[in-house]
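Peer 1:
In our numbering, the protein residues as written are 106 to 186.
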């Protein structure tokens with residue numbers, strides 16, 4: 106397992122654990138547990154996951170440019186018949 110994958114998994118489990126503890130436990134700081142869990146998901150886990158999945162890929166392949174639209178139309182014509 107790659108280190109970035111392992112770090113992302115640990116951060117995800119920690120954030121999910123914080124949210125679940127905040128929902129289950131009856132303590133004074135339940136809102137803080139839930140809030141830190143959500144912040145961890147959006148500020149740590151999501152960027153790490155996005156970096157891991159997009160590393161080494163060309164962004165232009167996923168943009169709607171004229172060339173890509175023409176390719177999509179051509180593929181639709183080929184698959185239609």
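Glycine included, every Cβ here is placed at the ideal spot set by N, Cα and C.
Less than 9 Å between the beta carbons of residue 146 and residue 121, yes or no?
Peer 2: Yes, Cβ-Cβ distance for residue 146 and residue 121 is below 9 Å.
Peer 1: Starting from the C-beta of residue 153, find all residues in its chain whose C-beta is less than 8 Å away, skip the five residues before and the five after it, and write them out in chain order.
Peer 2: Excluding sequence neighbours, residue 153 sits near 109, 112, 113, 116.
Peer 1: Any idea if residue 123 is buried or exposed, counting beta-carbon neighbours within 10 angstroms, 16 or more meaning buried?
Peer 2: The residue is buried, with at least 16 neighbouring Cβ atoms inside 10 Å.
Peer 1: Just the C-alpha distance for residue 143 and residue 128, rounded to the nearest angstrom, thanks.
Peer 2: Taking the straight line joining both Cα atoms gives about 12 Å.
Peer 1: Assuming residue 140 is part of the alpha helix (DSSP H), what are its boundary residues?
Peer 2: Taken as a continuous stretch (DSSP letters only), the alpha helix (DSSP H) holding residue 140 covers 135-145.
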